[in-house]
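Peer 1: Here it is, the structure, as structure tokens.
Residue numbers (the working numbering): 2 to 417.
Below is the structure:
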């Protein structure tokens, strides 16, 4: 297949854009939307303070990693929603919010996993049409213009952190949404791709790229690739081909993101802080606000709840991963020379990690820390003039805790 242009010739001088959709509608002037773009306002910081009355405490290791929360726990839906990727907790919340009159519309995505379309759902059928993850950049907030134009003033928004940052800022900055009651379900999000780049990845990692319906990096240290029919492919992280790790594969906007866990949502619903479940039904929930508690109350009797758990220590695993993670940024040519680990050895590494590596919330901490470090290095080395504007204070503190980010700190590749 032809290599997508953004992979063949990565560029770092273009404006950062996650295609969130806020500036793609016509209900209000584009320039007003752009004022709320997260790449203009920066991540977290003042946004967190505006929502919670304070910023997270970097001295609290859980708050540093997971953000400000009222409660965190695991949940498994008793009656899964057919066709939902993770069992359907988010879909069920949206259905109940609509059925009870808490909201009159749900901002979601229709379309396919590679071609998502922003949609304002106002019926249960339309909510159900939004089932399934869409792992590419998606313009969800285009549907916000639709809702405003139709006079819908009670909304549930399902989105990634770039959507939520822009929405929170826009509502506080301008008058358009001041009388709109908005509830937000946040999806943990990292490394979304342009559709062309995702097809490129599919072609490099799967024997049957044309039938892929979802791809996830799971807690068993394997990439799980689900197909429209047939068995799920499972590839050890360590055996991924170098082609999918090249600069330009992941969008610059995602490489400049510092809110993996969607910390401004009312409730975050994800999976990677929960123990690995083969059926993909056990989820990790982070309730952040009073509205988040209200949303969870809608389905409380429909899920089995268990305490979050953690095993091992994420920090040594993060330290061990820094050189490999930094290499595509600091030494791109090294990726071309890298060879994937032999499959048998990769499976052995997965076994070792499953025994000795971080699990549960420690796995989540590992993933959050290593992505924060990677993205910090990306911004610092690819667009240093934006380092202070994009990177929140707690990320600077996190990076320094690993001996990075200071003038006399060793380069990540020297940590090998």
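Idealized CB from N, CA, C, for every residue including glycine.
Quick one: what does DSSP say residue 178 is sitting in, helix, strand or coil?
Peer 2: For the purposes of this step, residue 178 is taken as the residue at position 177 of the chain shown. Coil at residue 178, not helix or strand.
Peer 1: Could you say which of 212, 365, 94 lies nearest to residue 319 if we only look at CA atoms?
Peer 2: The residue given as residue 319 occupies position 318 in the chain shown. When each option's Cα is compared against that of residue 319, the closest is 365.
Peer 1: Using the Cβ count rule (16 or more neighbours within 10 Å means buried), how would you classify residue 398?
Peer 2: For the purposes of this step, residue 398 is taken as residue 397 along the chain shown, with counting starting at 1. Exposed is the call here.
Peer 1: Can you give me the start and stop residues for the beta strand (DSSP E) that residue 76 sits inside?
Peer 2: Position 75 of the chain shown, counted from the first residue, corresponds to residue 76. Its beta strand (DSSP E) spans residues 72-78.
Peer 1: What is the C-beta distance between residue 52 and residue 296, in whole angstroms, given that I count them as a contact (C-beta under 8 Å)?
Peer 2: One-based indexing of the chain shown puts residue 52 at position 51. One-based indexing of the chain shown puts residue 296 at position 295. Rounded, the Cβ-Cβ distance is 15 Å, inconsistent with contact.
Peer 1: Relative to the C-alpha of residue 213, which residue among 16, 43, 136 is closest?
Peer 2: Numbered from 1 along the chain shown, position 212 holds the residue referred to as residue 213. Of 16, 43, 136, the residue nearest in Cα terms is 136.
Peer 1: Return yes when the Cβ of residue 159 is within less than 8 Å of the Cβ of residue 300, no when it is not.
Peer 2: Residue numbering aside, residue 300 sits at position 299 when the chain shown is read from its first letter. Residue numbering aside, residue 159 sits at position 158 when the chain shown is read from its first letter. No, the Cβ-Cβ distance between residue 300 and residue 159 is not below 8 Å.
Peer 1: State the DSSP-derived secondary structure class of residue 153, mapped to helix, strand or coil.
Peer 2: By one-based count along the chain shown, residue 153 stands at place 152. Residue 153 falls in the coil class under three-state DSSP.
Peer 1: CB-CB under 7 Å to residue 198, same chain, minus the five flanking residues each way: which ones, in chain order?
Peer 2: Indexing the chain shown from 1 puts residue 198 at position 197. Correct list, in chain order: 5, 7, 8, 250.
Peer 1: Our contact map puts residue 384 next to residue 240 with C-beta atoms below 8 Å; I'd like the distance itself, whole angstroms only.
Peer 2: Working through the chain shown from its first residue, we reach residue 384 at position 383. Working through the chain shown from its first residue, we reach residue 240 at position 239. Actually they do not touch by this definition, with Cβ atoms about 32 Å apart.
Peer 1: Scan the segment 198-238 and note each continuous beta strand (DSSP E) run of 3 residues or more that stays entirely inside, going in chain order.
Peer 2: Taking only runs of at least 3 residues, the beta strand (DSSP E) segments lying wholly in the segment 198-238 are 213-218, 223-228, 234-237.
Peer 1: Do residue 330 and residue 379 have their beta-carbon atoms positioned less than 8 Å apart in this structure?
Peer 2: Sequence index remark: in the chain shown, residue 379 carries index 378 (1-based). Sequence index remark: in the chain shown, residue 330 carries index 329 (1-based). Result yes, Cβ atoms of residue 379 and residue 330 sit closer than 8 Å.
Peer 1: For residue 59, which residues in the same chain have their Cβ closer than 8 Å to its Cβ, ignoring the five residues on either side in sequence?
Peer 2: Walking along the chain shown from the start, residue 59 turns up at place 58. Counting only Cβ-Cβ distances below 8 Å, and skipping sequence neighbours, we find 65, 394, 395, 398, 399.
Peer 1: According to the neighbour-count rule (16 or more other Cβ atoms, all chains shown, within 10 Å of its Cβ), is residue 45 buried or exposed?
Peer 2: Along the chain shown, read from residue 1 onward, the residue named residue 45 stands at position 44. Buried.
Peer 1: Suppose the cutoff is 6 Å on Cβ atoms and the five residues either side in sequence are ignored; what does the same chain contact list for residue 417 look like?
Peer 2: On the chain shown, residue 417 is found 416 positions in, with the first residue counted as 1. Any reading at residue 417 must be qualified, since the residue scores a pLDDT of 42, below 50, and its modelled position is unreliable; no value is offered.
Peer 1: With residue 162 and residue 263 assumed to form a contact (beta carbons below 8 Å), what rounded beta-carbon distance in angstroms separates them?
Peer 2: Indexing the chain shown from 1 puts residue 162 at position 161. Indexing the chain shown from 1 puts residue 263 at position 262. That pair is a contact at about 5 Å.
Peer 1: Identify the residues that DSSP records as bridge partners of residue 300: which are they?
Peer 2: In the chain shown, residue 300 corresponds to position 299, counting from 1. For residue 300, which the question treats as bridged, DSSP gives no partner whatsoever.
Peer 1: I need the DSSP call for residue 374, collapsed to helix, strand or coil.
Peer 2: The sequence position of residue 374 within the chain shown is 373, counting from 1. Three-state result, residue 374: helix.
Peer 1: Would you check if there are 3 or more beta carbon pairs closer than 8 Å linking the segment 207-222 to the segment 170-190?
Peer 2: With a cut-off of 8 Å, the segment 170-190 and the segment 207-222 do not count as touching, because too few Cβ pairs lie within range.
Peer 1: Check residue 139 in the structure and name its three-state DSSP category.
Peer 2: In the chain shown, counting from the first residue as 1, residue 139 sits at position 138. If DSSP states are grouped into helix, strand and coil, residue 139 belongs with coil.
Peer 1: Return the first residue and the last residue of the alpha helix (DSSP H) that residue 32 is part of.
Peer 2: Locating residue 32 in the chain shown gives position 31, where the first residue counts as 1. Counting along the chain, the alpha helix (DSSP H) containing residue 32 begins and ends at 31-35.
Peer 1: Could you give the residue range of the alpha helix (DSSP H) that holds residue 283?
Peer 2: Along the chain shown, one-based indexing puts residue 283 at 282. Unbroken run through residue 283 is the beta strand (DSSP E), 283-288; no alpha helix (DSSP H).
Peer 1: Taking the alpha-carbon of residue 220 as reference, which of 170, 284, 304 has the nearest alpha-carbon?
Peer 2: The residue given as residue 220 occupies position 219 in the chain shown. Nearest of 170, 284, 304 to residue 220, Cα basis: 284.
Peer 1: Quick check on the burial criterion: 16 or more other C-beta atoms within 10 angstroms. Buried or exposed for residue 48?
Peer 2: In the chain shown, residue 48 corresponds to position 47, counting from 1. Residue 48 should be labelled buried.
Peer 1: In terms of residue numbering, what span does the alpha helix (DSSP H) encompassing residue 324 cover?
Peer 2: Locating residue 324 in the chain shown gives position 323, counting from the first residue. Looking at the DSSP string, the run of the alpha helix (DSSP H) that includes residue 324 is 315-331.
Peer 1: Within this structure, are the beta carbons of residue 282 and residue 81 separated by less than 8 Å?
Peer 2: Within the chain shown, residue 282 is the residue found at index 281, counting from 1. Within the chain shown, residue 81 is the residue found at index 80, counting from 1. A contact, by the Cβ cut-off of 8 Å.
Peer 1: Drop a sphere of 10 angstroms on the beta-carbon of residue 256, count the other beta-carbons inside from all chains shown, and report buried for 16 or more, exposed for fewer.
Peer 2: Counting from one through the chain shown, the residue named residue 256 turns up at place 255. Looking at its Cβ environment, which holds 16 or more other Cβ atoms inside 10 Å, residue 256 is buried.
Peer 1: In the DSSP assignment, find the unbroken alpha helix (DSSP H) run with residue 8 in it and report its ends.
Peer 2: Working through the chain shown from its first residue, we reach residue 8 at position 7. First-last of the alpha helix (DSSP H) with residue 8: 6-9.
Peer 1: Around the Cβ of residue 71, are there at least 16 other Cβ atoms within 10 angstroms (buried) or fewer (exposed)?
Peer 2: Looking up residue 71 in the chain shown gives position 70. Exposed, because fewer than 16 other Cβ atoms sit within 10 Å of the Cβ of residue 71.
Peer 1: Do three or more CB pairs link the segment 219-239 to the segment 169-176 at distances below 8 Å?
Peer 2: Counting Cβ pairs under 8 Å, fewer than three are found: no touch.
Peer 1: Give me the residue from 354, 253, 322 with the minimum Cα distance to residue 14.
Peer 2: Residue numbering aside, residue 14 sits at position 13 when the chain shown is read from its first letter. Minimum Cα distance to residue 14 is reached at 253.
Peer 1: What is the DSSP secondary structure of residue 132, counted as helix, strand or coil?
Peer 2: Within the chain shown, numbered from 1, the residue matching residue 132 stands at position 131. Of the three classes helix, strand and coil, the one that applies to residue 132 here is coil, per DSSP.
Peer 1: Is residue 362 buried or exposed, if buried means 16 or more other CB atoms sit within 10 Å of its CB?
Peer 2: Numbered from its first residue, the chain shown carries residue 362 at position 361. Result: buried.
Peer 1: Would you give the residue range spanned by the beta strand (DSSP E) that residue 117 belongs to?
Peer 2: Residue 117 sits at position 116 when you count from the first residue of the chain shown. 117-122 is the span of the beta strand (DSSP E), which, as asked, contains residue 117.
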